[in-house]
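> Residue numbers (the numbering used here): 33 to 170.
Backbone N, C-alpha and C define an ideal beta-carbon position, used for all residues, glycine too.
Note that the structure is a prediction, hence the values are computed from the model and not measured.
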Amino acid sequence: MNSVKNGKYTIGKLALEANVNVETVRYYQRRKLLRVPPRPDGMGFRQYNTEDLTRIRFIQNARDLGFSLNDVQEFLNLQDSEEYGDTDARSLANRKMEIVRQKINTLEQIQDGLEQIANGEITNGHRARVFQEAVLQA
Numbered sequence: 033m034n035s036v037k038n039g040k041y042t043i044g045k046l047a048l049e050a051n052v053n054v055e056t057v058r059y060y061q062r063r064k065l066l067r068v069p070p071r072p073d074g075m076g077f078r079q080y081n082t083e084d085l086t087r088i089r090f091i092q093n094a095r096d097l098g099f100s101l102n103d104v105q106e107f108l109n110l111q112d113s114e115e116y117g118d119t120d121a122r123s124l125a126n127r128k129m130e131i132v133r134q135k136i137n138t139l140e141q142i143q144d145g146l147e148q149i150a151n152g153e154i155t156n157g158h159r160a161r162v163f164q165e166a167v168l169q170a
């Protein structure tokens, strides 16, 4: 963005660059997903950096992939904290892999239903029902 200097953003510019609204940034801060930078000299605008932008994009992408904000918080806690050992990281990874496997299975069922519709294998009256059943099983 042309009005960003040295990778520093105001909250409005950060939100614009991340394609979220300012309230989303503040919500992420309240949820402790994103830091609240100090005000320079106790006054003026808070300055966010490219790391903050990357973090918001990570949160948004994880949400788009179907992870809850609680899931995202766990990932970020692992990343940010030295407290988590290898055992904790492996345990979290295994839990999340199972969730991903389930989502893949559901998406494959939806894909199968859509392919049947696209290939004309399902008659007019059954199209919506096949798709609806696949989505409801998700």
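Whether or not the stretch 81-88 and the stretch 98-106 are in contact is what I'm after, with contact meaning three or more pairs of Cβ atoms, one per stretch, closer than 8 Å; do they touch?
No, they do not touch.
> Pull up the distance between the alpha-carbon of Glu147 and that of Leu139, whole angstroms please.
Taking the sequence shown and counting its residues from 1, the one referred to as residue 147 is at position 115. Taking the sequence shown and counting its residues from 1, the one referred to as residue 139 is at position 107. One C-alpha to the other measures close to 12 Å.
> Label Ile91 either buried or exposed according to how many other C-beta atoms from any shown protein chain fall within 10 Å of its C-beta, with 16 as the threshold for buried.
For this step, residue 91 is matched to residue 59 along the sequence shown. Answer is buried; the Cβ neighbour count reaches 16.
> Look up Lys172 in the DSSP assignment and say whether it is helix, strand or coil.
Limits of the chain in this structure are 33 at one end and 170 at the other, which puts residue 172 out of reach.
> List the endpoints of the continuous alpha helix (DSSP H) containing Gln79.
By 1-based counting over the sequence shown, the position of residue 79 is 47. From DSSP, Gln79 is part of no alpha helix (DSSP H); its letter is neither H nor E.
> For Lys64, name the three-state secondary structure that DSSP assigns.
The residue given as residue 64 occupies position 32 in the sequence shown. Coil at Lys64, not helix or strand.
> Please classify Ala47 as buried or exposed, where buried requires at least 16 other C-beta atoms within 10 Å of its C-beta.
Within the sequence shown, the letter at position 15 stands for residue 47. Answer is buried; the Cβ neighbour count reaches 16.
> Residue range of the alpha helix (DSSP H) that Phe107 falls in?
Translated into the one-based positions of the sequence shown, residue 107 becomes position 75. Looking at the DSSP string, the run of the alpha helix (DSSP H) that includes Phe107 is 101-112.
> Under a three-way DSSP split, which group does Met33 fall into?
Residue numbering aside, residue 33 sits at position 1 when the sequence shown is read from its first letter. Bear in mind that the predicted position of Met33 carries a pLDDT of just 41, short of 50, making it unreliable; the figure below should be weighed with that in mind. Met33 falls in the coil class under three-state DSSP.
> Between the alpha carbons of Asp112 and Gly145, how many angstroms are there, rounded?
Here residue 112 corresponds to residue number 80 of the sequence shown, with the count starting at 1. Here residue 145 corresponds to residue number 113 of the sequence shown, with the count starting at 1. Their backbone Cα atoms lie some 41 Å apart in a straight line.
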